[in-house]
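Read through the structure below, which is laid out as structure tokens, and then see the notes.
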């Protein structure tokens, strides 16, 4: 089977083309650097396998994801190349196309007709470049025409036949020189600088000549829009961003989200649950099996499934943000702030994705150009409150704070972002000082939201959520039910009257968490179960309290329940859930991406931070109860003074420009 | 007609690039050149961020954002 590599500049539609060719559902978005690793799949329509590679501007990589592409292209010498160009940015795209042509490999140049008003004579372009050029729309299979035939008959080209290849050195061709120059940075002289400048300038001049000959004409400025006068306005940009976030959370947690979630709870509890339990009673099924089905499966798993509408809504909004092109604007607005904590505007994408899933977000840290910045960005992703933590806030916050819960949730999400930024500052000043990164980034045009894309992305996210529930959450709920109902002597606790395994373990660990207000063994056990997947926290609470999906909130207020809270401990618990150790799948990604040392650091540091902040919150609530608001405000001021004094200690010594260490 | 650094020019006025300073690291210089920041190109600064640390420029039919430090290596006249 032939292999074709899909190569091109970032944001030209490579992943969209790959999805259309193979039927896969690789993540796509209107932002530079969405694809960070290669994906290989066979085509549905021909005997060819395609490889989707991260975007790159030239064969000289500048970040980790670009390196993945260059390494793959250079190590798979027998594979054909489908070089995808966007007709809006053809001039810049042809720079990479030419470097690929120079490799002398099997290559086909494909122009993605994003803007149908742009004119171009493809025959003339083909003649000038010496390779076959075709046009298509990456998301429309009907426009592909003879693409598959051309790909199956690709032959290596003679790189000297194209007119663009005019710049030749006696011993080294321009492209090789260019690559070598970048790999041996230390030997770069002024002469090298001149050479590089002349080399790229000559290419562009030649590309301009070719495009003029091919009657290429574009008047539109990519990324320019009248709405940016408001969105990028220095005074309005941040308020607009916060309004968007508030709107998303309002619709997700309240109004639409809450309405749909309540209906689903009713459906699970009253329509399915009761009928199944009645059926089991009618068939004289043993008591412990009925208890397992009722408490372990319907109450446990059902309590998480009920939040499906809210998770789906959150993913819809994330997809809209990603597709629209707003994230690039946000990166522009926030780069100033993020630069101060050792990150760059590019980190915005990872942080926003963290609201969906920490595992996928930590992978996107690959688009950072510096190793330390990559580690830092990945480490920050779990501080963004992921969708799995959403049921915790809805259930516990809803029980104690009622309609004010939206403010509490907004506060929790903001706290996550603030802690992430402070953590980044701490790492920047200590172990992970990153060299100043480049922030040269193209602005994509605003794009109409494709309903088809949003539906596809949302359905995929919903399936992934349900699959996770059907596998991890279901099995964990059964394990939690078993541990809660079986004692160490392996007897059913309802008959033996002994303490269950979970109760025994929970009671041992409970004193450790009492400064946080979690005196009940049930809360500690739920947190332990949440180490594997955060969704299990709510399902465990439902199992421990023996209540159905619609009664969890009521049950946690009652002191007679196994898991019960006061407003102070509820707030402390939500903050602890936000900040404590990432789930197993995120840790596995961390180990692969940033190594075991930083994975262990993440577990320990997050636990300590969660513990301190939760304890502070609980104490603050208690002080407010006992001595009033004034005393609490004084405590907050003292805490801030102590914290910023600590930060100043790190700031006092600047790093040396030459050795990157603190000078004495 | 005077020479300026791109980071210092006023917004919405067209300038012509003269070149890029040599005291910039080669990778940043390459990226700037790849985006078309070379002698003779017309450039317009369209926007600046709140603390003026990031610029949004219009260059060869494309909007590009870059940091002030990077823009301060691009010499323009106009």
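Chains as they are written, first to last, in this note's numbering: chain A, 320 to 983; chain B, 186 to 263. Even for Gly, the Cβ is constructed at its ideal location relative to N, Cα and C.
Roughly how far, in whole angstroms, is the beta-carbon of residue 896 of chain A from the beta-carbon of residue 853 of chain A, given that I think they are within contact range, below 8 Å?
Their Cβ separation, rounded to whole angstroms, is 7 Å, which keeps residue 896 of chain A and residue 853 of chain A in contact under 8 Å.
Nearest CA to the CA of residue 258 of chain B: which residue from B/207, B/237 and B/220?
B/207
So residue 735 of chain A is in the alpha helix (DSSP H); what residue range does that whole segment cover?
724-748
Taking all protein chains shown into account, do 16 or more other C-beta atoms lie within 10 angstroms of the C-beta of residue 834 of chain A, making it buried, or fewer, making it exposed?
By the neighbour-count rule (16 or more Cβ atoms within 10 Å), residue 834 of chain A is not buried but exposed.
Could you tell me if residue 484 of chain A is buried or exposed, where buried requires 16 or more neighbouring beta carbons within 10 angstroms of its beta carbon?
For residue 484 of chain A, the predicted structure reports a pLDDT of 47, less than 50, and the residue's modelled location is therefore unreliable. A value from the coordinates is still provided. By the 10 Å Cβ count, residue 484 of chain A comes out buried.
Around the Cβ of residue 949 of chain A, are there at least 16 other Cβ atoms within 10 angstroms (buried) or fewer (exposed)?
exposed
Determine which residues share a DSSP beta bridge with residue 761 of chain A and list them.
B/249
Evaluate contact between the segment 860-875 of chain A and the segment 609-627 of chain A, counting only Cβ atoms and requiring at least three cross-stretch pairs below 8 Å.
yes
Between residue 986 of chain A and residue 700 of chain A, is the Cβ-Cβ spacing less than 9 Å?
Because chain A here runs from 320 to 983, residue 986 of chain A falls outside it and cannot be looked at.
If you run the structure through DSSP and keep just helix, strand and coil, what is residue 412 of chain A?
helix
Do residue 592 of chain A and the ligand ADP come close, with the Cβ less than 8 Å from some heavy atom?
This structure does not include the ligand ADP; it has no bound ligands of any sort.
Tell me where the beta strand (DSSP E) around residue 325 of chain A begins and ends.
321-327
Consult DSSP for residue 960 of chain A and reduce its assignment to one of helix, strand or coil.
Helix at residue 960 of chain A.
Taking 9 Å as the threshold (C-beta atoms), are residue 881 of chain A and residue 917 of chain A in contact?
no
Going by DSSP in three states, residue 199 of chain B sits in which element: helix, strand or coil?
DSSP places residue 199 of chain B in strand when its eight states are reduced to three.
Closer than 9 Å, CB to CB, is residue 407 of chain A near chain B or not?
Yes, because at least one Cβ of chain B sits closer than 9 Å to the Cβ of residue 407 of chain A.
So, helix, strand or coil for residue 657 of chain A, using DSSP?
helix
State yes or no: is the C-beta of residue 647 of chain A within less than 9 Å of the C-beta of residue 475 of chain A?
no
Using the rule of at least 16 other Cβ atoms within 10 Å of the residue's Cβ for burial, across every protein chain shown, is residue 337 of chain A buried or exposed?
Looking at its Cβ environment, which holds 16 or more other Cβ atoms inside 10 Å, residue 337 of chain A is buried.
Is it buried or exposed, residue 244 of chain B, if we count other Cβ atoms within 10 angstroms and call 16 or more buried?
With 16 or more other CB atoms across the displayed protein chains lying within 10 angstroms of its CB, residue 244 of chain B is buried.
Assess contact between the segment 418-425 of chain A and the segment 528-542 of chain A, defined as three or more Cβ pairs (one per stretch) separated by less than 8 Å. Is contact present?
No contact exists between the segment 418-425 of chain A and the segment 528-542 of chain A.
So what does DSSP say about residue 899 of chain A, is it helix, strand or coil?
For residue 899 of chain A, the three-state secondary structure derived from DSSP is coil.
Leaving out the 5 sequence neighbours to the left and right, which residues in its chain are closer than 6 Å to residue 630 of chain A when beta-carbon positions are compared?
Excluding its 5 nearest sequence neighbours in each direction, residue 630 of chain A has C-beta neighbours in its own chain below 6 Å: 706 and 784, listed in chain order.
For residue 762 of chain A, return the contacting residues in chain B, with the cut-off set at a CB-CB distance below 9 Å.
Against chain B, the beta carbon of residue 762 of chain A has neighbours under 9 Å at 241, 247, 248, 249 and 250, listed in chain order.
Three Cβ pairs or more, each shorter than 8 Å: is that satisfied between the segment 660-678 of chain A and the segment 800-811 of chain A?
The answer is no - the segment 800-811 of chain A does not touch the segment 660-678 of chain A, with fewer than three Cβ pairs under 8 Å.
On a CA-only basis, which of A/522, A/425, A/908 and A/607 is nearest residue 811 of chain A? Give me that one, please.
A/607
Can you tell which of A/681, A/883, A/635 and A/757 has its C-alpha closest to the C-alpha of residue 770 of chain A?
A/635
For the alpha helix (DSSP H) containing residue 609 of chain A, name the first residue and the last one.
In this chain, the alpha helix (DSSP H) harbouring residue 609 of chain A covers 606-610.
Name the residues in the segment 365-383 of chain A whose C-beta lies less than 7 Å from a C-beta of chain B; which are they?
Of all residues in the segment 365-383 of chain A, the ones placed with a Cβ closer than 7 Å to any Cβ belonging to chain B are 376, 377, 379 and 381, in chain order.
Let's see if you can read the secondary structure: which residues bound the beta strand (DSSP E) around residue 361 of chain A?
Going by DSSP, residue 361 of chain A is part of the beta strand (DSSP E) stretching over 358-361.
So for residue 636 of chain A, helix, strand or coil by DSSP?
Collapsing the DSSP output to three states places residue 636 of chain A in a helix.
Which of helix, strand or coil does DSSP assign to residue 402 of chain A?
DSSP places residue 402 of chain A within a strand segment (E or B) once states are collapsed to three.
Would you kindly work out how many angstroms separate the C-alpha atoms of residue 377 of chain A and residue 690 of chain A, rounded to a whole number?
20 Å
Between the segment 731-751 of chain A and the segment 704-722 of chain A, can you find at least three pairs of beta-carbon atoms closer than 8 Å?
yes
Taking C-beta to C-beta, are residue 448 of chain A and residue 392 of chain A nearer than 9 Å?
no
Got a sec: which bits of the segment 216-236 of chain B sit with their beta carbon under 9 Å from any beta carbon on chain A, in order along the chain?
216, 217, 218, 219, 220, 221, 222, 223, 224, 225, 226, 231, 232, 233, 234, 235 and 236
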